[in-house]
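Down below is the structure, laid out as C-alpha cells.
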Amino acid sequence: MSARKIKNDIYSVGVIDWDRRLFDELIPLPDGTSYNSYIIKGSEKTALIDTVEPDFAEDLIKNIKDSDITDLDYIVANHAEQDHSGSIPQILEIYPNATVLTSKKGKDMLMNLLELDEDAIEVVGHEDNVSLGNKTLEFIDTPWVHWPETISTYLKEDNILFSCDFFGSHLATSDLYVADEDEVYRAAKRYYAEIMMPFRKVIKSNLEKVENYEIDMIAPSHGPIYDNPELILDAYRDWTSDDVKPEVVVPYISMHGSTEEMIDYFVNKLIEKNIKVKPFNMSKMDLGDLAISLVDASTVVLGSPTVLTGPHPLAVYVTYLANALRPKTKYASIIGSYGWAGNMVEDIVGMLDKLDVELFEPVMAKGKATDKDFKEIDRLVDEIEEKMK
Ligand code: FEO
220 MSARKIKNDI
230 YSVGVIDWDR
240 RLFDELIPLP
250 DGTSYNSYII
260 KGSEKTALID
270 TVEPDFAEDL
280 IKNIKDSDIT
290 DLDYIVANHA
300 EQDHSGSIPQ
310 ILEIYPNATV
320 LTSKKGKDML
330 MNLLELDEDA
340 IEVVGHEDNV
350 SLGNKTLEFI
360 DTPWVHWPET
370 ISTYLKEDNI
380 LFSCDFFGSH
390 LATSDLYVAD
400 EDEVYRAAKR
410 YYAEIMMPFR
420 KVIKSNLEKV
430 ENYEIDMIAP
440 SHGPIYDNPE
450 LILDAYRDWT
460 SDDVKPEVVV
470 PYISMHGSTE
480 EMIDYFVNKL
490 IEKNIKVKPF
500 NMSKMDLGDL
510 AISLVDASTV
520 VLGSPTVLTG
530 PHPLAVYVTY
540 LANALRPKTK
550 YASIIGSYGW
560 AGNMVEDIVG
570 MLDKLDVELF
580 EPVMAKGKAT
590 DKDFKEIDRL
600 VDEIEEKMK
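Be aware that the sequence shown starts at 220, since it is given in this note's numbering, and climbs by one per residue.
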C-alpha cells in the first residue's frame, strides 16, 4: 500500500493488518484491523498523527516517504498504547528533530513503555493549539477511551477530528472511507462493546466535548474514515445513553443437557411472548458477539450447571467479563442445575459488584428439571415481561 490522499496536503499513511485475529491476546478480531496514521503538511511544518503497530514500522516509513514530505516536525501521540505509539522510536531514528506531542499522562507512559527521551516530548493540554503555518492542530482531552491519557487532535482549517481509538473499528478494509455503513456500524459497536463500554459515562462526556467542534470528517486510528460523521456520532449517542432495549441475553452452558433443556424452554417462552431473546452457547460463541448484545439489552439470564461446588468455569469467565465490561443491564437472573449441593447462585451474584442490576429469583433444578422447575421458569418469564411493559 502507499500513501493515500485525503485532501490537499493531508494523507493517510497507515497500514492494514488483514490477518490479525486477536487483540491483547483476548479480543477476537474476525475482520482483522488497521493501524491508521496521517500526515498533515502545513506551509511551515509537517505533523504525523499516530504511528502503527511496530511490526509494520517499515511500511509506515515507506508510506510517509511516499507522501512526498522532506522532514517531520511533530509526531502527535494521541494514545500511548503500542498499536499507535510503538513505531515512534523508528520514526525518530529517521526524523531525529521531530518533537512528540502528547498529554501529560501520555508523556509518562511513552517514557515508560518505549523508553523515549524526555527531551523529545512536549506536553500539550486541552484546547492547546500548535501551528503548522496555514494549518492548526487543536488538542482535545478525551480520556478513558480506554486508557486515561488519550487525546484527540482537531485540524481546524479542514474540520477533521483525528480521534485515535475513539470512534474506531477493528475492520481491515480497502475502503479509505466508510462504504458499507452496516458493516462499519457493527464493527464499531463490537469495538465499543469490548473496550469502551466500561467507561460509558466518561465517553459520553468526551462525546459532548467533541460535539462542540464543527466536524466534516472523523479519522480514527482503526477502521475507515467517516466522511459522514453523524453515522458514528449518532451511534455513540445511542450506546452511551442510559436507554436500554427490551431484549434478553442468555449466555449458557450445559454438560449433560439438564440446563440446556431449561434454557430451551425459557427461550421458547420468551419467543411466544414476542420478547426479543438471544441465547449464546458459551462453548461455541464469539465473545465479541456477546459483548455487542450487552451494549443495549435490559436483561441478562445466565445458564450454568454446577461443577464441583460452583458455576461451570466458562460461566465464571463470562460473568467476570460481563462485570468488567459494565453494560447498562438493569435485570439479571440465573437458570441452572446441581447434582447434590453447591453455591452457584451465591458465587455468580458475588461476582457482579460493578453492575447495578435487580436480580430476579434464580431457578435452580436438582438434576433434570421437574414440572415445578418449569413453573418457576414461567414465573421468571412473567417477571421479565412485566418489567418490559
Ligand atoms: Fe488501538 Fe488502545 O489502542
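Beta carbons are placed, not taken as given, at the ideal position from N, Cα and C, and that holds for glycine.
Note that this is a predicted model, so its numbers are computed, not measured.
Proximity test, residue i beta-carbon vs the ligand FEO heavy atom, cut-off 7 Å
i           : result
residue 300 : yes
residue 363 : no
residue 243 : no
residue 303 : yes
residue 531 : no
residue 384 : yes
residue 440 : yes
residue 559 : no
residue 646 : Nothing in the structure corresponds to residue 646, since the chain is present only between 220 and 608.
Host beta strand (DSSP E) of residue i (start-end)
i           : result
residue 500 : 495-500
residue 461 : Taken as a continuous stretch (DSSP letters only), residue 461 belongs to no beta strand (DSSP E), as it is neither H nor E.
residue 598 : Segment 590-607 is the alpha helix (DSSP H) holding residue 598; no beta strand (DSSP E) there.
residue 257 : 257-260
residue 556 : 550-557
residue 392 : That residue, residue 392, is in no beta strand (DSSP E); it is neither H nor E in DSSP.
residue 341 : 340-342
residue 583 : 582-585
residue 308 : That residue, residue 308, is in no beta strand (DSSP E); its alpha helix (DSSP H) goes 307-313.
residue 293 : 293-295
Unbroken alpha helix (DSSP H) run spanning residue i, endpoints
i           : result
residue 538 : 532-544
residue 282 : 276-285
residue 381 : Not the alpha helix (DSSP H): residue 381 falls in the beta strand (DSSP E), residues 379-383.
residue 410 : 400-410
residue 568 : 563-569
residue 478 : 477-491
residue 350 : Counting along the chain, residue 350 falls outside any alpha helix (DSSP H), though it belongs to the beta strand (DSSP E) covering 348-350.
residue 304 : 301-304
Residue i - DSSP class collapsed to helix/strand/coil
i           : result
residue 504 : coil
residue 373 : strand
residue 325 : helix
residue 609 : With the chain represented from 220 up to 608, any question about residue 609 goes unanswered, as that position is not in the structure.
residue 524 : strand
residue 335 : coil
residue 231 : strand
residue 263 : coil
residue 224 : strand
residue 248 : coil
residue 421 : helix
residue 364 : coil
residue 443 : coil
residue 448 : coil
residue 512 : helix
residue 254 : strand
residue 288 : coil
residue 413 : helix
residue 438 : strand
residue 574 : coil
residue 455 : helix
residue 271 : coil
residue 657 : With the chain covering 220 to 608 only, the question about residue 657 has no answer from this structure.
residue 429 : helix
Short CB-CB distance (under 8 Å) between residue i and chain B
i           : result
residue 273 : Looking at the structure shown, chain B is missing, and only one protein chain is on hand.
Between the segment 416-434 and the segment 474-484, do three or more beta carbon pairs fall short of 8 Å? no
So, does the segment 458-471 touch the segment 519-533, judging by three or more C-beta pairs under 8 Å? yes
The segment 379-392 in contact with the segment 280-299 per 3-pair CB rule at 8 Å: yes
How about the segment 400-415 and the segment 449-462: do they share at least three Cβ pairs that are nearer than 8 Å? yes
Touching by the beta-carbon criterion (3+ pairs, under 8 Å), the segment 410-425 and the segment 359-374: yes
Below 8 Å, how does it come out for the segment 436-456 and the segment 389-407: are there three or more Cβ pairs, yes or no? yes
Are the segment 394-403 and the segment 328-343 touching, with three or more C-beta to C-beta distances below 8 Å? no
For the 8 Å Cβ check, are there 3 or more pairs between the segment 228-236 and the segment 260-274? yes
Could you say if the segment 435-449 and the segment 502-512 meet the contact criterion of at least three C-beta pairs nearer than 8 Å? no
Three-pair Cβ contact test at 8 Å for the segment 244-263 versus the segment 316-327: no
Any contact of the segment 242-251 with the segment 276-292, i.e. 3+ C-beta pairs under 8 Å? no
For the 8 Å Cβ check, are there 3 or more pairs between the segment 433-441 and the segment 485-494? no
Can you find at least 3 beta carbon pairs, one from the segment 545-559 and one from the segment 569-585, that sit closer than 8 Å? yes
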